[in-house]
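**Student:**
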Amino acid sequence: MKFLFDLFPVILFFVAFKLTDIYVATGVAIAATCAQIGWLALRGKRIDPMLWVSLAVIVLFGGATLVLQNETFIKWKPTVLYWLFAGSLTVMALGFRRNLIRSMLGKQVVLPDAVWTRLHWSWVGFFIFMGGANLYVAFNFSTDLWVNFKLFGGMGLMFAFVVAQALFLARYVEEGSKQ
Numbered sequence: 001m002k003f004l005f006d007l008f009p010v011i012l013f014f015v016a017f018k019l020t021d022i023y024v025a026t027g028v029a030i031a032a033t034c035a036q037i038g039w040l041a042l043r044g045k046r047i048d049p050m051l052w053v054s055l056a057v058i059v060l061f062g063g064a065t066l067v068l069q070n071e072t073f074i075k076w077k078p079t080v081l082y083w084l085f086a087g088s089l090t091v092m093a094l095g096f097r098r099n100l101i102r103s104m105l106g107k108q109v110v111l112p113d114a115v116w117t118r119l120h121w122s123w124v125g126f127f128i129f130m131g132g133a134n135l136y137v138a139f140n141f142s143t144d145l146w147v148n149f150k151l152f153g154g155m156g157l158m159f160a161f162v163v164a165q166a167l168f169l170a171r172y173v174e175e176g177s178k179q
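Residue 140 in the working numbering sits at position 140 of the sequence shown, with consecutive numbering throughout.
Structure (C-alpha cells):
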C-alpha cells in the first residue's frame with residue numbers, strides 16, 4: 001500500500017499526460033504531491049523527509065516548467081531527485097560515518113558490516129545510474145517515450161534492482177537463521 005501511495009503522483013502524472021499534455025500533467029504531479037503531504041498531516045502521520053524533498057523538487061522544477069512553458073525542467077526532476085538521494089547517502093557515509101540503508105533496514109535484517117557497506121554503495125550507484133538513464137531517455141527520445149520510461153522503465157529497473165539485492169541478501173539471511 002505504501003508503494004502505491006509513493007507512486008501516486010507519478011501515476012497521476014502519467015494519466016494526465018496521456019489525456020492532455022506535459023503542462024497539465026506537471027500541474028497534476030505538483031497537486032498530487034501536495035495532497036500526499038496534506039493527507040499524511042491530516043491523519044497525524046509522520047512525513048518522511050524524502051517526501052518533503054520530493055515536494056520541493058517537484059514544486060521547483062514543475063513550477064519552472066509551468067511558468068516558462070518549457071518541459072526541460074520537469075524532465076530534469078527525476079534526475080535531481082535520484083542524485084540528491086545518492087548525494088545524501090554519500091555525505092552521510094563519508095561525512096558522518098552513517099549508513100542510511102542500515103539505519104532503515106537494520107531492525108529487520110542482521111548483516112555483517114561489510115555487507116551493509118556493499119549494500120549502501122550499491123544503492124548510491126543505482127541512484128547515479130537512474131539519474132543518468134533518465135537524462136539519456138529524456139533528451140534522446142520523445143516526451144511520450146520519456147513519460148512511459150518514467151513510470152514503467154523506472155519502476156521496472158527499481159524492481160529488478162530490489163530483486164537482485166534480495167537475491168544477494170538471501171544467503172546472509174539463510175546463514176543467519178541456521179546459526
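For every residue, glycine included, the Cβ atom is placed at its ideal position computed from N, Cα and C.
Just so you know, these numbers come straight off a predicted model, no measurement behind them.
Identify which residue in A166, L151, D6 has its Cα closest to the Cα of A16.
**Tutor:** L151
**Student:** Going by CA-CA distance only, name the one from G95, H120, V91 that's closest to M104.
**Tutor:** H120
**Student:** Take T161 and list the residues in its own chain whose beta-carbon comes closer than 6 Å to its own, dropping the five residues that flank it on each side.
**Tutor:** This sequence places Phe at residue 161; Thr is not what is there. Excluding positions up to five away in sequence, the list reads F126.
**Student:** Put N140 into one of helix, strand or coil per three-state DSSP.
**Tutor:** helix
**Student:** My understanding is that T79 touches G131, with C-beta atoms under 8 Å, so please give their C-beta distance in whole angstroms.
**Tutor:** Yes, they are in contact, since the Cβ atoms of T79 and G131 sit about 4 Å apart, within 8 Å.
**Student:** In this structure, how does DSSP classify K45 when only helix, strand and coil are distinguished?
**Tutor:** Here K45 sits in coil by DSSP.
**Student:** Can at least three beta-carbon pairs, one atom from the segment 43-60 and one from the segment 94-114, be found at a separation below 8 Å?
**Tutor:** Taking a cut-off of 8 Å on C-beta distances, the segment 43-60 does not touch the segment 94-114, as fewer than three cross pairs fall below it.
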